[in-house]
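Mapped onto mature numbering (1 follows the signal peptide of the UniProt record, and there is no 0), the consecutive letters of the sequence shown carry residue numbers -21 to -1, 1 to 162. Heads up, the beta-carbon is just placed ideally off N, CA and C, and yes, glycines get one too. Notes follow the structure.
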Amino acid sequence: MKKIILSVVMCFSFNFGTAQIFEDLIPYTIKNGQMNYIEDSIQYKCPPLFNKMRLIDVNFDGIKDLVIPRDECAFAFVSTPSPYFFVATKSGKLIYSKELSDLYGYVFIDEPSKRIFVYARYNAAGWYWRIYKVIPQKGLKLIDEFMDKGFDHGDVDKSISALKYKEIKLPKTAIQLNGDKYE
């Protein structure tokens, strides 16, 4: 059954305009007949976990979308890669969503509030939250961003230092889409 589902997913992703998953699996480029390994200190290419994919409505339009988590393949300073998101249309097509797939961090969706919560790193010991509202046919709107109160220390990056420290309690209805279980 998993092989059938995998075949269907790979067919969808290829037929509907994206080869992003397959690009991420290639660790090198070929130039002048030589393999050049890709080194990207910000974004590591982490492979998809097809055995953990699921259908879930991530943009709150009543149609289930496809979410394929990625493996956590990088060291501590790099953000957890967000899942690959394929948004389903009313006609049944799956369209790769770069906006959702580029969130980086642990991604949680909460249907009752129509919010997406992202818990991400800014360095090895520092974490921050971003909260988005999903606006139908328009995309995501950032409504809050703050440092996790549990990581209050002084060596904060300038881009992060303007953020306030807060505590957050995720709604009990929030569903985690990737990474190890958040506690």
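Got a sec? Which residues, its chain only, sit under 7 Å from residue i by beta carbon, not counting five neighbours each side?
i           : result
residue 110 : 94, 96, 122, 123
residue 168 : Since the first residue shown for the chain is -21 and the last is 162, residue 168 is missing from the structure and cannot be characterised.
Would you list the one or two residues that DSSP bridges to residue i?
i           : result
residue 89  : 94
residue 145 : 127
residue 46  : 33, 64
For residue i, which residues of its own chain have a beta-carbon under 6 Å away from its beta-carbon, when the five flanking residues on both sides are left out?
i           : result
residue 20  : Because the pLDDT at residue 20 is just 34, under 50, the model does not fix this residue reliably, and the point stays unresolved.
residue 76  : 64, 66
residue 32  : 47
residue 166 : Any answer about residue 166 is impossible in this case: the structure gives the chain only from -21 up to 162.
residue 42  : 67
Output the distance between the C-alpha atoms of residue i and residue j, rounded to the nearest integer angstrom.
i           : j           : result
residue 82  : residue 100 : 12 Å
residue 46  : residue 69  : 17 Å
residue 72  : residue 35  : 15 Å
residue 105 : residue 39  : 31 Å
residue 147 : residue 128 : 8 Å
residue 74  : residue 116 : 13 Å
residue 44  : residue 30  : 16 Å
residue 151 : residue 85  : 16 Å
When burial is assigned at 16 or more other CB atoms within 10 Å of the CB, is residue i buried or exposed?
i           : result
residue 114 : exposed
residue 144 : exposed
residue 158 : buried
What is the C-beta distance between residue i and residue j, in whole angstroms, given that I count them as a contact (C-beta under 8 Å)?
i           : j           : result
residue 118 : residue 90  : Wrong, their Cβ atoms sit about 17 Å apart, outside the cutoff.
residue 107 : residue 126 : 5 Å
residue 156 : residue 87  : 7 Å
Which same chain residues end up closer than 8 Å to residue i when comparing Cβ atoms and leaving out the 5 residues on each side of it in sequence?
i           : result
residue 149 : 87, 89, 96, 161
residue 80  : -2, 61, 62, 63, 64
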